[in-house]
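Take a look at the structure set out below.
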DNA sequence: GAGTTTATTGACCCGTCAATCAATAACGGA
DNA sequence: TCCGTTATTGATTGACGGGTCAATAAACTC
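Protein chains in written order, with this note's numbering: chain C, 1 to 190; chain R, 1001 to 1190.
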């Protein structure tokens, strides 16, 4: 079996399996064995390529963050200067970023970031970038871009939590409305 | 040593110790032994009174929720009809509810609620009550009380997360500003 | 004071899981 | 074809933590 050049394939499979398993199980109590099994390999191999459980998690987190970054950049490309903020927000709730799996993974990462300094670092970088992008996009629209941006990022986090815990039947109402508010926030203060 | 009537004292001590330990350690990876040690007893005794780890957690969660409920009710007592919404929000961020420990505990409970149905039930009850209180308080102030209330509860959750993860040096700015926004949301639509 | 109930603990069992290791097997070059 | 590298796993280890239990002792009852 052993073909050469497996490393990137295995790493990719493990990262995907991690996110999927977290989503399927709904907690960060996923074992390396579960992840490895879902990725079609033994747990020993997972350790071989990543070194340890935390590093598998961090790789998955980086993946989620970079996926989101790509999504946001793509959205910004086709947005005129007045709709840049809306484009960023739309990226946060796009079908690719706003998945059950991704949301659950975010939750676990919030928790991980409370103890793991590397996870915390990543989260802060992401937050800073999101914030500064929003501020930039809001300069022309708002008198207080910083303040509005701060509120927006907080509201986005809150909507993610709601999505994770509200039952799937009625997830839309609050989110949709809040997005409405977000949109109005961009113009609100002229 | 064994005096009679220890049960309520022990339970109380364990609930307090649970919240404190979660706060101190910053995750839900607290062992029953740690909690028990902090509460000044053996882990066997903790099991004796609560039956299991999850039930200790749930008891702590109920405590946090009921403390908040008391705080909110107290605030509502001395509020005229126009400041009821503001009073509720103030309760969410009052020094007694908005503690490092409490915030961390909230985070762990969010996660617990993804797997434990009882925890989820409690969270939903709390959310429903908070929401309906806000709607009631907003009827006179807003044209769309439901929508505004939904946004508020989401924003509150988001601010809790930020507080848990932002470094303690600069926690205020975003929170303070968002509270400002919350206040304005109450009047915004007249 | 005998017997029951409550309080309390140290020691122990058992399951789980991250991490390691030795062993096997294919591939690539020399 | 031999050797080093890469791939891969089953078995094992070692730690940890939840939960149980038997044993001790004080307090309460009659």
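From the three backbone atoms N, C-alpha and C, an ideal C-beta is built for every residue, glycine too. Quantities reported herein were computed from a predicted structural model and do not represent experimental measurements.
Within 8 Å, strictly: CB atoms of residue i and residue j
i               : j               : result
residue 1104(R) : residue 1164(R) : yes
residue 1141(R) : residue 1152(R) : no
residue 162(C)  : residue 1157(R) : yes
residue 1044(R) : residue 1013(R) : no
residue 1056(R) : residue 1072(R) : no
residue 59(C)   : residue 35(C)   : no
residue 1126(R) : residue 1065(R) : yes
residue 131(C)  : residue 119(C)  : no
Proximity winner among the options, relative to residue i (alpha-carbon distances)
i               : options                            : result
residue 181(C)  : 1154(R), 1014(R), 1111(R)          : 1154(R)
residue 23(C)   : 6(C), 49(C), 61(C), 8(C)           : 61(C)
residue 1093(R) : 1054(R), 1108(R), 1080(R), 1075(R) : 1075(R)
residue 166(C)  : 1117(R), 1143(R), 1148(R), 1167(R) : 1117(R)
residue 1079(R) : 1054(R), 1102(R), 1137(R), 1015(R) : 1137(R)
residue 26(C)   : 144(C), 143(C), 101(C)             : 101(C)
residue 1051(R) : 1006(R), 1011(R), 1144(R)          : 1011(R)
residue 99(C)   : 67(C), 124(C), 54(C), 46(C)        : 67(C)
Through-space distance from residue j to residue i, alpha-carbon basis
i               : j               : result
residue 69(C)   : residue 178(C)  : 22 Å
residue 63(C)   : residue 1113(R) : 25 Å
residue 1008(R) : residue 97(C)   : 47 Å
residue 48(C)   : residue 91(C)   : 35 Å
residue 1019(R) : residue 85(C)   : 39 Å
residue 110(C)  : residue 1028(R) : 12 Å
residue 1041(R) : residue 1030(R) : 16 Å
residue 1129(R) : residue 139(C)  : 38 Å
residue 1175(R) : residue 146(C)  : 12 Å
residue 37(C)   : residue 1123(R) : 33 Å
residue 1053(R) : residue 46(C)   : 31 Å
residue 1004(R) : residue 1015(R) : 20 Å
residue 6(C)    : residue 121(C)  : 30 Å
residue 1033(R) : residue 1021(R) : 11 Å
residue 95(C)   : residue 106(C)  : 15 Å
residue 1077(R) : residue 77(C)   : 52 Å
residue 1108(R) : residue 108(C)  : 10 Å
residue 1144(R) : residue 143(C)  : 25 Å
Inset, instruction - Scan the segment 1100-1119 of chain R for residues whose Cβ lies nearer than 8 Å to a Cβ of chain C and list them as they occur along the chain. - result: Residues of the segment 1100-1119 of chain R with a C-beta atom less than 8 Å from some C-beta of chain C are 1104, 1107, 1108, 1110, 1111, 1113, 1114, 1115, listed in chain order.
Legend entry - Near-chain R residues of the segment 23-49 of chain C (beta-carbon distance less than 9 Å), N- to C-terminal order: Under the 9 Å Cβ criterion, the segment 23-49 of chain C contributes 25, 26, 27, 28, 29.
Inset, instruction - Anything in the segment 151-163 of chain C with a Cβ closer than 9 Å to a Cβ of chain R? List those residues in chain order, please. - result: For the segment 151-163 of chain C, which is checked against every Cβ of chain R, the residues closer than 9 Å are 151, 153, 154, 155, 156, 157, 158, 159, 160, 161, 162.
Legend entry - Residues from the segment 1132-1150 of chain R in contact with chain C, defined by Cβ distance under 7 Å: Under the 7 Å Cβ criterion, the segment 1132-1150 of chain R contributes 1147, 1150.
Legend entry - chain R contacts made by the segment 80-102 of chain C, where a contact means CB separation under 7 Å: Identification of residues in the segment 80-102 of chain C having a C-beta nearer than 7 Å to some C-beta of chain R yields an empty set.
Inset, instruction - Ignoring anything shorter than 4 residues or poking outside the segment 93-120 of chain C, list the alpha helix (DSSP H) runs there in chain order. - result: Fully enclosed alpha helix (DSSP H) runs of 4 or longer: 100-112.
Inset, instruction - Pick out the complete alpha helix (DSSP H) segments inside the segment 51-94 of chain C, 4 residues or longer, and give them in chain order. - result: Listed in chain order, the complete alpha helix (DSSP H) runs (minimum 4 residues) inside the segment 51-94 of chain C are 53-77, 84-92.
Inset, instruction - Mind listing, in chain order, the continuous alpha helix (DSSP H) runs of no fewer than 4 residues lying wholly within the segment 141-165 of chain C? - result: You should have 145-165.
Inset, instruction - Write down every uninterrupted run of the alpha helix (DSSP H) in the segment 1006-1043 of chain R whose length is 4 residues or greater and which is fully enclosed by it, in chain order. - result: Qualifying alpha helix (DSSP H) stretches, in chain order: 1007-1025, 1032-1038.
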